[in-house]
Amino acid sequence: MRNVLLAGLLLVSATAVADTQTIKIATLAPDGSAWMKLFREYSAAIEKRTEGRVKIKFYTGGVQGDEHDVLRKIRIGQLQGAAVTGIGLSSIHPEVRVLDAARNYKELDALRAGLGESLRKRFEDRGYILAAWGDVGPIHLFTNKPVKTMDDLKSLKIWLWSDDPISSKLFASLGLRGVPMGVPEVLPALTTGQVDAFFGSPLSTMALQWGSHAKFMSATSIGQATGATIVSKKAWDAIAPADQAILRDEAAKIETRVLAQIRGDNTDALTAMKKQGLQVMELPPALLQELDRRGEAVARTAGKDFSPEFQKQVETILLDSRKK
11 MRNVLLAGLL LVSATAVADT QTIKIATLAP DGSAWMKLFR EYSAAIEKRT
61 EGRVKIKFYT GGVQGDEHDV LRKIRIGQLQ GAAVTGIGLS SIHPEVRVLD
111 AARNYKELDA LRAGLGESLR KRFEDRGYIL AAWGDVGPIH LFTNKPVKTM
161 DDLKSLKIWL WSDDPISSKL FASLGLRGVP MGVPEVLPAL TTGQVDAFFG
211 SPLSTMALQW GSHAKFMSAT SIGQATGATI VSKKAWDAIA PADQAILRDE
261 AAKIETRVLA QIRGDNTDAL TAMKKQGLQV MELPPALLQE LDRRGEAVAR
311 TAGKDFSPEF QKQVETILLD SRKK
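14 is the number that the working numbering gives to position 4 of the sequence shown; each next residue is one higher, with no gaps.
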């Protein structure tokens, strides 16, 4: 009898272990950042509500590599998910980059509302569950010297995200000196002078400790940087349906909180950097017009493979949002 009871206990224990799913998620967001504080709360809520059946382990600050490294590790099963920017998302499905066309939060929200379900379906077809959207914030140019002309812009050594083909085409079109590298490499490059300018949001610039290496920031933002948390469909399908429902519910909650907090934190970060001496520079109208013209030409080239129906849908959403 004793042996039978012992065998039963071992069987129950083994079943409990087998039913526990650990979702390993990588991100470039530094530990202690606004993003990670919210992600930690999300993780705790998931573990509590699933009674430990689903646990989430985060790898922060780019320790698993840049986004292309992380996506490769998801494909081979070393990771189960990632919180990535639009750059990483576009390598899964390029249509997600249309969100970059948003000039402000209202346009971004309108695009997500109008395209969200179709984009989620596209990601699922590629083997990923798009769990929740996230924000990076309004993207500005940060430099060590003021920019008044195109020649000033061309003289800068600007960080170019090596995984972003659209930015590479734009830099080539404008004749800019792009220095390609991954996000984890930028801070050392700023320290040594290999890079003296970069694009980023106020919050990401502060969180990644790049802010102390810039004296000026463009008053005009060039767009809204977005992101999302994704999970491999293979890992998702291994989770019980009832627990999947919990994950979706908590993801919806954290999405709302992330968007609200990150937007407020971007404003606070800019205020803090101004107090530390950051100067906001107005780019000349002629330069802005040239950047817009070249940027739109590159965007149209990048979107040439999108269906006419999809392009029309994007244009309609943006036009309606701008009319309002």
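Virtual Cβ for every residue (Gly too), placed ideally from N, Cα, C.
Grab me the residues of residue i's own chain with a C-beta within less than 7 Å of its C-beta, minus the 5 sequence neighbours each way, in chain order.
i	result
A197	Correcting the residue identity first, residue 197 is Leu in this sequence and not Ala. Closer than 7 Å at Cβ, skipping near neighbours: L218, Q219 and W220.
L180	R304, G305 and V308
H78	S101 and D173
A112	L118, L121, G233 and Q234
A26	Annotation note: pLDDT 41 at A26 (below 50); position unreliable, coordinate value reported separately. Closer than 7 Å at Cβ, skipping near neighbours: no residue.
Restricting to Cα atoms, I'd like to know which of the options is closest to residue i.
i	options	result
R187	E117, W169 and V108	W169
G203	L329, G185 and H223	H223
I264	P251, I139 and Y52	Y52
V189	S211, Q88 and K164	K164
R130	F152, P104 and V146	P104
V157	G87, A229 and L213	A229
L281	M227, F49, L38 and Q299	Note on residue identity: the sequence assigns Thr, not Leu, to residue 281. Checking every option, the nearest Cα to that of T281 belongs to M227.
A312	I176, N276 and D145	I176
V193	A270, S211 and W171	W171
V320	G233, Q271, S128 and I56	Looking at the sequence shown, residue 320 is not Val but Phe. Minimum Cα distance to F320 is reached at S128.
P294	M160, L213, S178 and F209	M160
D271	A36, K47 and R258	Checking the displayed sequence, the identity of residue 271 turns out to be Gln instead of Asp. Comparing Cα-Cα distances from Q271 to each of A36, K47 and R258, the minimum goes to K47.
D330	K116, W45 and V106	K116
A44	G91, L269 and A55	L269
T37	I86, T30, V64 and L99	L99
K155	I256, E292 and K334	E292
V205	T153, A55, E300 and I97	T153
S183	E300, T95 and R107	E300
Grouping DSSP H, G and I as helix and E and B as strand, with all else coil, what is residue i?
i	result
D145	strand
S242	strand
F226	strand
V308	helix
P156	coil
F181	helix
T70	coil
K285	helix
F133	helix
V205	coil
K333	helix
W220	coil
For residue i, which residues in the same chain have their Cβ closer than 6 Å to its Cβ, ignoring the five residues on either side in sequence?
i	result
P212	N276, A279 and L280
K8	The question about residue 8 has no answer, for the chain in this structure spans 11 to 334.
T239	A93, A141 and A142
Y69	A36
T236	G96 and L109
Using a Cβ-Cβ cut-off of 8 Å (strictly less than) and excluding sequence neighbours within five positions of residue i, which residues of its own chain qualify?
i	result
R273	Y115, D145 and G147
Going residue by residue through the stretch 76-122, where are the continuous beta strand (DSSP E) segments of at least 3 residues, counting only ones entirely within it? The qualifying runs are 91-95.
Would the stretch 236-246 count as touching the stretch 135-143 if we require 3 or more Cβ pairs under 8 Å? yes
Report yes or no: do the stretch 273-293 and the stretch 62-80 share at least 3 C-beta pairs separated by less than 8 Å? no
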